[in-house]
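Okay, so here's the structure we're looking at.
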Amino acid sequence: MTDQEYHQLVDDLLFIIEEQVDDCDVDLDYESAPSILEIIFPDNSKIILNKQAPLHQLWVATKFNGHHFEFNGKEWIDNRSQAEFWQFLSEVSTRQAGAEIKWLSQL
Numbered sequence: 008m009t010d011q012e013y014h015q016l017v018d019d020l021l022f023i024i025e026e027q028v029d030d031c032d033v034d035l036d037y038e039s040a041p042s043i044l045e046i047i048f049p050d051n052s053k054i055i056l057n058k059q060a061p062l063h064q065l066w067v068a069t070k071f072n073g074h075h076f077e078f079n080g081k082e083w084i085d086n087r088s089q090a091e092f093w094q095f096l097s098e099v100s101t102r103q104a105g106a107e108i109k110w111l112s113q114l
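According to our numbering, the sequence shown is numbered sequentially starting from 8.
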């Protein structure tokens, strides 16, 4: 994967999340800056997603722990647990919010 492809993939993923935060039944908010997105929960806890461009990874920090995702040509996979990104994000967001949150890979 080229650097340009990596940046486009991550930028698209972060945009999809921003759009879903706006439509979520749980009162979520977000803050974004170049290369980083913070999802803010009602209790003011956060999930932080940030680019790790030199490694072509997406890092995700939750209030429980951190994860490093790599794109395998089809999907983002956690290099430790082998969890698929969207399923992982749904599970950890639900746990962190105390209410079901389902993230979708496409709008």
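C-beta: ideal position from N, C-alpha, C; glycine also.
- In the structure shown, I108 adopts coil according to DSSP, grouped into three states.
- Around the beta carbon of Q11, a 10 Å sphere encloses fewer than 16 other beta carbons of the protein chains shown; the residue is thus reported as exposed.
- In the structure shown, V33 falls within a coil segment according to DSSP collapsed to helix, strand and coil.
- Y13 and H63 have their C-alpha atoms some 6 Å from each other.
- Per DSSP, the beta bridge partners of F76 are L65 and D85.
- Counting every other CB atom within 10 Å of its CB across the protein chains shown gives K58 a total of 16 or more, marking it as buried.
- Residue pairing from DSSP places I54 in a beta bridge opposite I46.
- L56 is positioned such that its CB atom lies closer than 7 Å to that of L44.
- The residue from K70, M8, Q27 and H75 with its alpha-carbon nearest to that of N51 is K70.
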